[in-house]
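Novice: One structure is given below, represented as structure tokens, and several questions about it will come after.
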Ligand code: CMC
């Protein structure tokens, strides 16, 4: 192997970026880990420190170290090209851990299976934000705070009336959450921990109210105000479903199922919508606007919109006998098997396992969903088909959630709203972590310009 030489100038600067040496390695006489690069354009050699960070020692290099690699002092320097952030860590985070190869998901170290089995959603929301499970007093205060901020300004109601009867509830949710920023202008003081705290409480408290109001608007039903005597999940169901009864009493199986689904959806590290919240929040805009950006990102069919698409796909398939032909059409390139595949999970999504089990529990209560048979057959064939196996495409969280939501009588276009209610907890934790991270600045990627060179203006309309 070529001996690494440290040059003066650019290469020297690169060498100067070496992190403090790994003490264990130094004691043993070994050099701190580094990536040795020789630039064939100049013949210069560089040593770029390799950081082994995090609990599992993920290895990374700092992209900025590459900027020292240049052919002339006034050149910009080497960039990395990574469309869709396929191999770029944009932050250090202590919130959620995913091991996509082994199907592991943990919030703050706690396995998702244990949280889904034992915790409440608000307990998890606290955990995500604070890093530890709340004690009794903290939990009591937290539940009280969130419960007592569930009401929204009455003007929101007239604002919602402006939407057409068939408006998508995600559009309504996105707009009303963004509108909240105008009701709480002090929320822009994001450097003030108290303002951050009250904004986080307000968002967690009011997003379910706005979501339920969106539902009632589409149905042409009167809005139901929050009931502070109910739990977070039961109150949400009450605002969605209550009619003339004086107090709503949720079906305990549904309440439990929704609590679990909210926990499963609460965070998922740097997914598209969380990345949107962090990127928009990095401009130091208020959190209502940043969360509205997350809702917009979640709306897309490749992200939170997938659960809605799964049911549409199942409807289109129509009968279990049509499944093989449908699988063939997907393999032939006409569309995707919705609810399958994931950027990070290259094995069975651990959330999908829990959701599948939950689906059986709910169906025991309300009767088997007619489309479960189609879903199971799709899964069976896909998991034994080389197209899906070789691409490591397994069911993701969205594959079975839609069936549960439908059996609970939620309309299809409301599924993503349910996802958004839960993910608000994760977005806010990630947003605050980003603000407290001294290394973070306004998110501003580079580009490779591929347009025309300079040219003189010559009108084409005169
Ligand atoms: N059905 C059929 N083929 C697929 C699918 C699918 N669902 N997903 C990926 N592929 C194929 C894709 O065509 C490609 O094949 P080839 O190498 O021959 O070109 C290969 O698998 C790799 O796909 P990719 O698009 O490079 O993978 P990605 O990591 O960019 O996409 C994904 C991840 C989730 C967007 C994608 O798997 C997908 O579109 N799935 C369906 C939508 C869905 O269920 N989304 C929910 C994701 S989980 C919850 C959430 O994030 O909100």
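Residue numbers (my numbering): 143 to 604. Beta carbons are placed, not taken as given, at the ideal position from N, Cα and C, and that holds for glycine.
#1: CA-CA distance, residue 531 and residue 524?
#2: If contact is defined by three or more beta carbon pairs under 8 Å, each pair taking one atom from either stretch, is the stretch 314–330 in contact with the stretch 291–302?
#3: Below 8 Å between beta carbons: does that hold for residue 261 and residue 404?
#4: Taking the beta carbon of residue 197 as the centre, do at least 16 other beta carbons fall within 10 Å, making it buried, or is it exposed?
#5: Quick one: grab the DSSP three-state call for residue 584.
#6: How close, in whole Å, do the beta carbons of residue 356 and residue 385 come, if the pair is a contact with beta carbons under 8 Å?
#7: Could you compute how far the alpha carbon of residue 514 sits from the alpha carbon of residue 560?
#8: Would you say residue 541 and residue 567 are within 8 Å of each other, going by their C-beta atoms?
#9: Roughly how many whole angstroms lie between the Cα atoms of residue 554 and residue 504?
#10: Per the DSSP calculation, residue 318 is bridged to which residue(s)?
#11: The ligand CMC heavy atoms versus the CB of residue 305: any closer than 7 Å?
#12: Below 7 Å CB to CB, which residues in the same chain sit around residue 273 once its five sequence neighbours on both sides are set aside?
#13: Please work out which residues of its chain come closer than 8 Å, Cβ to Cβ, to residue 202, disregarding the five sequence neighbours upstream and downstream, and give them in chain order.
#14: Counting pairs of Cβ atoms below 8 Å between the stretch 391–402 and the stretch 272–287, do you hit three or more?
#15: Let me know the secondary structure DSSP gives residue 200 once reduced to three states.
#16: Looking only at C-alpha atoms, which of 321, 344, 435 sits nearest to residue 293?
#17: Per DSSP, what kind of secondary structure is residue 385 in: helix, strand or coil?
#18: Of the residues 578, 186, 238, which one's Cα is nearest the Cα of residue 426?
#19: Have a look at 308, 596, 423 and flag the residue whose alpha-carbon is nearest the alpha-carbon of residue 586.
#20: Could you name the residues of the same chain whose beta carbon sits closer than 7 Å to that of residue 478, not counting the 5 residues immediately before and after it, in chain order?
#21: Expressed to the nearest angstrom, what Euclidean distance is found between the alpha-carbon atoms of residue 588 and residue 225?
#22: Quick one: Cα of residue 376 to Cα of residue 401, how far?
#23: For the beta strand (DSSP E) containing residue 335, list its first residue and its last residue.
#24: Taking the continuous alpha helix (DSSP H) assigned at residue 630, which residues delimit it?
#25: For the alpha helix (DSSP H) holding residue 279, just list the boundary residues, first then last.
#26: Would you mind working out which of 592, 594, 593, 573 sits nearest residue 584, comparing C-alpha positions?
#27: Check whether the Cβ of residue 552 sits closer than 7 Å to any heavy atom of the ligand CMC, and report yes or no.
#28: Return the first residue and the last residue of the alpha helix (DSSP H) that residue 576 is part of.
#29: So does the stretch 427–434 actually touch the stretch 447–454, counting three or more Cβ pairs closer than 8 Å?
#30: How many Å lie between residue 238 and residue 392 at the Cα?
#31: Under 7 Å from any heavy atom of the ligand CMC, does the C-beta of residue 285 make it?
#32: Going by beta carbon distance, what residues of the same chain come within less than 6 Å of residue 390, once the five residues before and after it are set aside?
#33: Under the DSSP definition of a beta bridge, which residues are partnered with residue 189?
#34: Select from 337, 352, 333, 469 the residue whose C-alpha is nearest the C-alpha of residue 317.
#35: So, helix, strand or coil for residue 207, using DSSP?
#36: Whole angstroms are fine: how far does the CA of residue 453 sit from the CA of residue 498?
Specialist: Taking the geometry as given:
#1: CA-CA distance, residue 531 to residue 524, rounds to 8 Å.
#2: Enough Cβ pairs lie closer than 8 Å, so yes.
#3: If you check the CB distance, residue 261 and residue 404 do not come in under 8 Å.
#4: Under this definition residue 197 is an exposed residue.
#5: Reduced to three states, the DSSP call for residue 584 is coil.
#6: Actually they do not touch by this definition, with Cβ atoms about 18 Å apart.
#7: One alpha carbon belongs to residue 514, the other to residue 560, and they sit about 20 Å apart.
#8: Contact: no.
#9: Residue 554 and residue 504: Cα-Cα distance of roughly 17 Å.
#10: Answer by DSSP bridge pairing: none, since residue 318 is not bridged.
#11: In this structure, residue 305 has its beta carbon at no less than 7 Å from each heavy atom of the ligand CMC.
#12: Residues of the same chain with a CB within less than 7 Å of the CB of residue 273, apart from the 5 flanking positions on each side, are 236, 250 in chain order.
#13: Excluding positions up to five away in sequence, the list reads 192, 193, 195, 231.
#14: Touching, no.
#15: The answer is strand: DSSP assigns residue 200 an E or B state.
#16: It is 344 whose Cα lies nearest to the Cα of residue 293.
#17: DSSP places residue 385 outside both helix and strand once states are collapsed to three, so it counts as coil.
#18: Closest option to residue 426, judged by alpha-carbon separation, among 578, 186, 238: 578.
#19: It is 423 whose Cα lies nearest to the Cα of residue 586.
#20: For residue 478, same chain residues with a beta-carbon under 7 Å away, outside a window of 5 residues either side, are 472 in chain order.
#21: If I take the Cα positions, the gap works out to 11 Å.
#22: The alpha-carbon atoms of residue 376 and residue 401 are separated by roughly 9 Å.
#23: No beta strand (DSSP E) contains residue 335, which is instead part of the alpha helix (DSSP H) from 335–361.
#24: What is shown of the chain runs 143 to 604, which leaves residue 630 out entirely.
#25: Its alpha helix (DSSP H) spans residues 278–289.
#26: When only C-alpha atoms are compared, the closest one is 573.
#27: No, the Cβ of residue 552 stays beyond 7 Å of every heavy atom of the ligand CMC.
#28: Annotation: the continuous alpha helix (DSSP H) that includes residue 576 extends over 557–578.
#29: The stretch 427–434 is not in contact with the stretch 447–454.
#30: One alpha carbon belongs to residue 238, the other to residue 392, and they sit about 31 Å apart.
#31: Answer for residue 285: no, Cβ out of range of the ligand CMC.
#32: Excluding residues within five positions, the ones whose Cβ falls inside 6 Å are 380, 384.
#33: Answer is 178, bridged to residue 189.
#34: When the alpha-carbon of residue 317 is set against those of 337, 352, 333, 469, the nearest one is in 352.
#35: DSSP places residue 207 in helix when its eight states are reduced to three.
#36: Looking at the backbone, the Cα of residue 498 and that of residue 453 are separated by about 15 Å.
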